[in-house]
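J.: To start, I am sharing the structure in question, which I have written as structure tokens.
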Amino acid sequence: MANLAMREAYGRALADYGAVNPKVVALDADTASSTLSSFFEKRFPDRFFNFGIAEPCMVDAAVGLALGGMIPFANAFAALAALRALEQVRTCVCYARTNVKIASSYAGVSDFKDGPTHHAISDIAIMRSLPEITVIVPADGNEAAAFVPLIAEYDGPVYFRLSRSSAMPVSSPGESLSIGKGIVRRQGTDLSIVACGSMTGRSMQAADVLASKGIKARVIEMHTIKPLDTGLILQAAAETGAIVTAEEHTIIGGLGSAVAEALAVRPVPLAMVGIHDAFARTGPDPESIMDACGMGVGDIVDSAMSVIDRKKGGR
Amino acid sequence: MKKYDSKLIADLNAQANYLRRQSLTMIYRRQAGHPGGCLSAADVVAALYFNVLRIDPKRPDWEDRDRFILSKGHASALLYSALARRGYFAESELEHWGELTCQLQGHPDRLKTPGVDMTSGILGHGIAIGLGLSLAARLRKKDYHTYVLLGDGECQGGIVWEGANACAKFNPGNLTAIVDYNDVQLDGAVHDIMPMEPFADKWRSFRWEVITIDGHDMKQILNALDEARSITRSPVVIIARTVKGKGVSFMENKSQWHGIPPDKEQYAAAMAELSGEGS
Chain G
1201 MANLAMREAY
1211 GRALADYGAV
1221 NPKVVALDAD
1231 TASSTLSSFF
1241 EKRFPDRFFN
1251 FGIAEPCMVD
1261 AAVGLALGGM
1271 IPFANAFAAL
1281 AALRALEQVR
1291 TCVCYARTNV
1301 KIASSYAGVS
1311 DFKDGPTHHA
1321 ISDIAIMRSL
1331 PEITVIVPAD
1341 GNEAAAFVPL
1351 IAEYDGPVYF
1361 RLSRSSAMPV
1371 SSPGESLSIG
1381 KGIVRRQGTD
1391 LSIVACGSMT
1401 GRSMQAADVL
1411 ASKGIKARVI
1421 EMHTIKPLDT
1431 GLILQAAAET
1441 GAIVTAEEHT
1451 IIGGLGSAVA
1461 EALAVRPVPL
1471 AMVGIHDAFA
1481 RTGPDPESIM
1491 DACGMGVGDI
1501 VDSAMSVIDR
1511 KKGGR
Chain A
3 MKKYDSKLIA
13 DLNAQANYLR
23 RQSLTMIYRR
33 QAGHPGGCLS
43 AADVVAALYF
53 NVLRIDPKRP
63 DWEDRDRFIL
73 SKGHASALLY
83 SALARRGYFA
93 ESELEHWGEL
103 TCQLQGHPDR
113 LKTPGVDMTS
123 GILGHGIAIG
133 LGLSLAARLR
143 KKDYHTYVLL
153 GDGECQGGIV
163 WEGANACAKF
173 NPGNLTAIVD
183 YNDVQLDGAV
193 HDIMPMEPFA
203 DKWRSFRWEV
213 ITIDGHDMKQ
223 ILNALDEARS
233 ITRSPVVIIA
243 RTVKGKGVSF
253 MENKSQWHGI
263 PPDKEQYAAA
273 MAELSGEGS
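So the protein sequences, as listed, match chains G and A.
Numbering follows the numbering used here, in which position 222 of the first sequence is assigned residue number 1422; successive positions increment by one, without gaps.
Numbering follows the numbering used here, in which position 246 of the second sequence is assigned residue number 248; successive positions increment by one, without gaps.
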């Protein structure tokens, strides 16, 4: 199977699922040909609503559609879904607990061409702080597609964080996925790398590099940031004694913070890979930006070495 | 203009007076709430809940019911009074408003209070949410109507106009907005704080049909709601010209009564003015 960009895998899957479930509707904010909700639009024009560049209105209308018994997927750039439409999401989606799915595309630094105005590096932190919403970050195109039916069939608000780009594949089609259950992608005993989204594939690469140094790294894919699979994290902490987190996001409030909160009851050496309280920059591709902004494979390897050192009692 | 039975009009006026008294009593008892905007919207809400809305208090989740969104959620005491009067919950529940275990929140909460169709409080959401409800009706071939009640000050927010613009595009044909145009908001007169005139022209330019009425004249209210329901070529807004604090002379047109409860003497004086029918 081709390694589709996450947005394309998602867009095709949403259209396919639209044929299965007539309650699914899609909304977009003048980005249908970018988020690729356009696949759904072509097949189900009567169940597709383009609101123009008005994300707050789109989210509120999705709330109304949900109140009327539909299952709306509201598509937008993550920077706008999580920021401009945030009050709608907080009040009308989360507090009112309406069955709205926010499909947030172009997350992280995947909109490399447009630069930091269009990056979303705080959205996980923002969404994670809101009661009632489930936050899901697929690791590759296959998962972006596989989560669509699960999210549609889950009763409640979901923030689904998608990338514009393709990510290094880590999953295989047909693999079982469950909201709220992390996946051990690689066994290891010396430390655990807990990753989400595009950083999962990079963490697998880092584990290869570490293996060449004789270090056995466990890699855990944490696609559901909320509710967090705390049990899997505490088990990893107990069995490997050191943890590195990796996310295409600021380290303030994201996956790393969620893992740190879980570990507060039973601390082990922890290091966070992500953006360190800065805006990223424009670049020729997402990978270059990630490498330049602290999210390279080498950054994961360095963090792994440091937590192992601390575990051994060094500095 | 349709002829209405004078008994119906008298009955609805009495209901409105009851809602005014009950809202003020709730606000006085709790020493919190928004009297001015409850009193201004009481006649419209009485018309909706006691004559117009197709609802069944025994089945608050009935799929075919008409929907009502109190976009100006700070008039919650008015909505709770109407819901209790219609039998969604016991009127004795109103006495517990504001208590930690009470199902009535400061602003309406659809999950806690039977009969509340949508949570509200932060202003501006009603039109766009109402649009979604109307689109769902169209998709599911339901004939329910959605009513949204908003304030004039509320219309200063951009989300109202994003919603209005989208309604014109999708024209669901089963959505009516009502603006409680009392020209008073928290900090002063709407025409001073942030003027909205020419208000009707703004809606018309967004391709809405506009019906302007005296929002305290029950015949005009019923006629406008009737007419609005029959218009499907465009979304309809009823601009109800009202008096903030209507019915209590010392509260009328005064911004300080937007969100301040009356003290004991003020409450007694207000209730004396609101005595009579429906009391």
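Yeah, the Cβ is synthetic: ideal placement off N, Cα and C, and Gly gets one too.
These numbers come from a predicted model, not from an experiment.
(1) Take residue 1507 of chain G and list the residues in its own chain whose beta-carbon comes closer than 7 Å to its own, dropping the five residues that flank it on each side.
(2) Using a Cβ cut-off of 8 Å, pull out every chain G residue sitting near residue 286 of chain A, in sequence order please.
(3) Could you check whether the region 33 to 45 of chain A touches the region 257 to 272 of chain A, counting it as contact only if at least three pairs of C-beta atoms, one from each stretch, sit closer than 8 Å?
(4) Pop quiz: residue 1305 of chain G and residue 1364 of chain G are said to be a contact at Cβ under 8 Å. What is the actual Cβ separation, rounded to whole angstroms?
(5) Taking only the alpha-carbon atoms, compute the straight-line gap between residue 1206 of chain G and residue 1213 of chain G and give it to the nearest angstrom.
(6) Within its chain, find whatever has a CB closer than 6 Å to the CB of residue 1388 of chain G; leave out the 5 residues flanking it on each side and keep chain order.
(7) Counting only C-beta atoms, is residue 1270 of chain G closer than 7 Å to chain A at any point?
(8) Taking the straight line between their C-alpha atoms, what separation do you get for residue 234 of chain A and residue 177 of chain A?
(9) Between which residues of its own chain and residue 1311 of chain G is the CB-CB distance below 6 Å, once the five residues before and five after are set aside?
(10) Hey, is the region 77 to 88 of chain A in contact with the region 1225 to 1239 of chain G, meaning 3+ C-beta pairs nearer than 8 Å?
(11) Of the residues that make up the region 109 to 120 of chain A, which ones have a beta carbon closer than 9 Å to any beta carbon in chain G?
(12) Tell me which residues share the same chain as residue 30 of chain A and place their Cβ nearer than 7 Å to its Cβ, disregarding the 5 neighbours each side in the sequence.
(13) Just the C-alpha distance for residue 8 of chain A and residue 88 of chain A, rounded to the nearest angstrom, thanks.
(14) Are the region 1273 to 1288 of chain G and the region 1255 to 1262 of chain G in contact at 8 Å, needing three or more beta carbon pairs?
(15) Since I believe residue 47 of chain A is in contact with residue 21 of chain A (beta carbons under 8 Å), could you give me their beta-carbon distance rounded to a whole number of angstroms?
(16) Can you name, in chain order, every residue of its own chain whose Cβ lies under 8 Å from the Cβ of residue 1515 of chain G, other than the five neighbours on each side?
(17) Cα separation between residue 211 of chain A and residue 173 of chain A?
(18) Could you tell me whether the Cβ of residue 161 of chain A comes closer than 7 Å to any Cβ of chain G?
(19) How should residue 205 of chain A be labelled, buried or exposed, when 16 other C-beta atoms within 10 angstroms of its C-beta is the threshold for buried?
(20) I believe residue 1282 of chain G touches residue 1253 of chain G by the beta-carbon criterion, under 8 Å. Please report the beta-carbon distance rounded to the nearest angstrom.
(21) Residues in the region 1251 to 1278 of chain G with C-beta within 7 Å of chain A's C-beta atoms, listed in sequence order?
(22) Kindly indicate which residue of A/113, A/78, A/162 has the alpha-carbon position closest to the one of residue 62 of chain A.
(23) For residue 1279 of chain G and residue 1323 of chain G, I'd like the C-alpha separation in whole angstroms.
(24) Rounded to whole angstroms, how far is the Cβ of residue 1480 of chain G from the Cβ of residue 1397 of chain G, which I believe are closer than 8 Å?
(25) DSSP on residue 79 of chain A, reduced to helix/strand/coil?
T.: Let me lay it out:
(1) Translated into the one-based positions of the first sequence, residue 1507 of chain G becomes position 307. Once the five neighbours on either side are set aside, the close Cβ partners of residue 1507 of chain G are 1391, 1442, 1443, 1444, 1469, 1470, 1471.
(2) Any question about residue 286 of chain A goes unanswered here, given that chain A covers just 3 to 281.
(3) yes
(4) By 1-based counting over the first sequence, the position of residue 1305 of chain G is 105. By 1-based counting over the first sequence, the position of residue 1364 of chain G is 164. Going by Cβ atoms, the distance from residue 1305 of chain G to residue 1364 of chain G rounds to 6 Å, so yes, they are a contact pair.
(5) Indexing the first sequence from 1 puts residue 1206 of chain G at position 6. Indexing the first sequence from 1 puts residue 1213 of chain G at position 13. One C-alpha to the other measures close to 10 Å.
(6) Translated into the one-based positions of the first sequence, residue 1388 of chain G becomes position 188. Excluding positions up to five away in sequence, the list reads 1416, 1417, 1418.
(7) The count along the first sequence starts at 1 and reaches residue 1270 of chain G at position 70. Interface residue, yes.
(8) Taking the second sequence and counting its residues from 1, the one referred to as residue 234 of chain A is at position 232. Taking the second sequence and counting its residues from 1, the one referred to as residue 177 of chain A is at position 175. Near 9 Å, if we compare the C-alpha coordinates of residue 177 of chain A and residue 234 of chain A.
(9) Mapped onto the first sequence, residue 1311 of chain G falls at position 111. Closer than 6 Å at the Cβ level, and outside the excluded window around residue 1311 of chain G, lie 1318, 1364.
(10) Too few Cβ pairs lie closer than 8 Å, so no.
(11) 111, 112, 113, 119, 120
(12) Reading the second sequence from its first residue, position 28 is the one you call residue 30 of chain A. Around residue 30 of chain A: 263, 264, 269.
(13) Taking the second sequence and counting its residues from 1, the one referred to as residue 8 of chain A is at position 6. Taking the second sequence and counting its residues from 1, the one referred to as residue 88 of chain A is at position 86. The alpha-carbon atoms of residue 8 of chain A and residue 88 of chain A are separated by roughly 22 Å.
(14) yes
(15) For the purposes of this step, residue 21 of chain A is taken as the residue at position 19 of the second sequence. For the purposes of this step, residue 47 of chain A is taken as the residue at position 45 of the second sequence. With a Cβ gap of about 6 Å, residue 21 of chain A and residue 47 of chain A count as contacting.
(16) Taking the first sequence and counting its residues from 1, one reaches residue 1515 of chain G at position 315. For residue 1515 of chain G, the predicted structure reports a pLDDT of 49, less than 50, and the residue's modelled location is therefore unreliable. A value from the coordinates is still provided. So the qualifying residues of the chain are 1509.
(17) Here residue 211 of chain A is taken as the residue at index 209 of the second sequence, counted from 1. Here residue 173 of chain A is taken as the residue at index 171 of the second sequence, counted from 1. Rounded to whole angstroms, residue 211 of chain A to residue 173 of chain A spans 11 Å at the Cα level.
(18) Along the second sequence, one-based indexing puts residue 161 of chain A at 159. In terms of beta-carbon proximity, residue 161 of chain A lines the interface with chain G, with at least one pair separated by less than 7 Å.
(19) For this step, residue 205 of chain A is matched to residue 203 along the second sequence. Residue environment for residue 205 of chain A: buried (at least 16 other C-beta atoms within 10 angstroms of its C-beta).
(20) Taking the first residue of the first sequence as position 1, residue 1282 of chain G is located at position 82. Taking the first residue of the first sequence as position 1, residue 1253 of chain G is located at position 53. The Cβ separation is near 16 Å, so there is no contact.
(21) 1251, 1254, 1256, 1257, 1260, 1261, 1262, 1263, 1264, 1265, 1267, 1268, 1269, 1270
(22) Residue 62 of chain A sits at position 60 when you count from the first residue of the second sequence. Nearest neighbour of residue 62 of chain A by Cα position, chosen from A/113, A/78, A/162, turns out to be A/113.
(23) Taking the first residue of the first sequence as 1, we reach residue 1279 of chain G at position 79. Taking the first residue of the first sequence as 1, we reach residue 1323 of chain G at position 123. Between residue 1279 of chain G and residue 1323 of chain G, the C-alpha separation is close to 7 Å.
(24) In the first sequence, counting from the first residue as 1, residue 1480 of chain G sits at position 280. In the first sequence, counting from the first residue as 1, residue 1397 of chain G sits at position 197. About 15 Å; that fails the 8 Å criterion.
(25) Locating residue 79 of chain A in the second sequence gives position 77, where the first residue counts as 1. It is helical.
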